[in-house]
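Encoded as structure tokens, the structure appears first; notes follow it.
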Amino acid sequence: MSSRIQLLILSILFLCLSSPGYAAVEIAWSGQKPKLISEVYNRDGVAYLAIDDVMRALRLKGRWYSVDHRYRFRTPMGRASLFPGGTYLRVGDQFIPLDHPPRFIDGRLRVPEDFVLVQLPALTGNSVYYRNLNPVGEVKSPGDESALDQLFAFLLRKKNRQEVSHLRAIAIDVGHGGSDSGVIGLTGVKEKDVVLEFAGQLERLIKMRLGIPVYLSRDGDYTLDRKHRLQAVSKPDVDAYLILHAQGHFTPAAHGVELYVRPVAATADDRLRAGDVDDSTRLALDARQALLDEGFTVAEVHSANLLPLGRGDLPTVMIELGYLTNTDDLALLRDGEARQMLAEAIFDGLKKYDDDTRSKK
């Protein structure tokens, strides 16, 4: 291959990787006229906005300090600061975990959309109207999808093609790992460690009581790229996919388990009332009821366009096990017996889903 052709290919790749993704968002304080931000970048399935654009749209004041490499802005809670690559937001003497780090992209500091949806409302006490006109899961670049995108879509659709009367195997994605610690909770507890311990307990329950294989994305503390993270769910006998995480929040009072499924036409509760519930939602609702029966605090099932949930019809539920920034949740997740009770409840929901699946065939 000539050097000129190689240069052309590299240039095309650079443009594809650095393009804004043809996305735009509307943003405003609730009740006010939305402002359009047209420069939105897609990085690893996350939408990033220039923090200066966000501040301007919401009429907040902030600036970049090049000496100490930080962006500072004022909030009713005090002066806040963040920095590129940082895993936390500092407000006074408090350190608030960030799910995705800010990044410099094309010469501007950019923050993920969850910063706008979660951290800013908590810091200001105001609700934010936010509409992504091209959600990350829907952003299309010119040309075909990447091979990895095609693989991901195939993995989460292929189970549709078989008539299955019961669960033959479960895949569990154990969040984060290795250099990716996830949320850092109170006393320095790391999300990657909590979910790994819990995954082992849930794995043993499923193997002992259902007698079926369980495939974990990781069984130790090591880093996974997306390709290797998907190996567990690529097994041909996998009929359900659980994604394990824990979370943090600016407000220490935030607590409880949360369950997420990929978006369908309506909300989970609306579909339940209409008697039209997809398998992912049915699995999530069974798990939620089992958790409630055992006395756990559980939010309503959320429908969200999150990259780990993928596309297609493979029954898939992301489980946020609790808040590592809440003392009660943290105590539960660090206690082996309490974690076992949590695992038992989720297993009961899985068993209910399996029993119902058998009865329908």
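Numbered by mature numbering (1 follows the signal peptide of the UniProt record, and there is no 0), the letters in the sequence shown go through residues -23 to -1, 1 to 338 in order.
Just so you know, even glycine gets a beta-carbon here, dropped at the ideal spot from N, CA and C.
Spatial neighbours of V172 in its own chain (CB-CB distance under 8 Å, excluding positions within 5 residues in sequence) are listed in chain order as V151, G152, H153, G159, L221, H222, A223 and L298. Under the 10 Å beta carbon count, G225 is surrounded by 16 or more other beta carbons and is classified as buried. Per DSSP, Q9 lies in no alpha helix (DSSP H) and is assigned neither H nor E. Distance from A217 to L193 at the Cβ level is roughly 14 Å; contact not present, criterion being Cβ atoms closer than 8 Å. Here S58 is bridged, per DSSP, to R49 and R67. R36 carries a coil assignment under DSSP once its states are collapsed to helix, strand and coil.
Within the DSSP bridge table, the entry for Y106 names A5 as partners. Apart from the 5 residues on each side of it in sequence, G8 has no Cβ closer than 7 Å to any other Cβ in its chain. For P285, the secondary structure class from DSSP, reduced to helix, strand or coil, is helix. Boundaries of the alpha helix (DSSP H) around E180: E168 to L187. Taking a C-beta distance under 8 Å as the contact criterion, D198 and G155 qualify as a contact pair. Shown here, A99 sits in a helix according to DSSP, grouped into three states. In this structure, the alpha-carbon of L100 lies about 35 Å from that of E314. Per DSSP, the continuous alpha helix (DSSP H) segment holding T334 begins and ends at G313 to K337. In the structure shown, the three-state DSSP call for G162 is coil.
Here the C-alpha atom of S336 lies approximately 10 Å from the C-alpha atom of Y330. L193: member of the beta strand (DSSP E) spanning V191 to L193, first to last residue. Contact between D157 and T200 holds: CB atoms are separated by about 6 Å, below the 8 Å threshold.
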